[in-house]
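So, in structure tokens, the structure goes:
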């Protein structure tokens with residue numbers, strides 16, 4: 001006779017209750033904190049520090065790239081506006097000289 005009771009849950013290495021119905025009681029290595037909990041605190045802290053430093057360096061490099069792109073575009077816009085202003089001044093001088 002079949003029952004509607006869910007499969008019994010099991011405990012992972014950290015003592016966290018995991019339902020067998022969803023993942024057979026195993027947490028993928030990428031999601032598991034058990035590896036970190038087995039490391040000495042100094043090694044864990046060093047791993048986290050290295051990860052944060054890598055992230056900050058990556059963000060800093062991306063920010064520097066975006067900043068240089070923005071400044072390059074602003075310089076191009078400034079050059080184009082200067083050319084437009086000079087062209088308008090030229091046309092104004094031509095129109096003013098021919099109407100006299």
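Numbering (full-length UniProt numbering), first residue to last: 1 to 100. Virtual Cβ for every residue (Gly too), placed ideally from N, Cα, C. Since this is a predicted model, take the numbers as computed values, not measurements.
Asked, Found
"Apart from the five residues just before and just after residue 94, which ones in its own chain have a Cβ nearer than 6 angstroms to its Cβ?", "none"
"Using DSSP with H/G/I as helix, E/B as strand and the rest coil, what is residue 40?", "coil"
"Rounded to whole angstroms, what's the CA-CA distance from residue 50 to residue 56? Just pull it up for me.", "10 angstroms"
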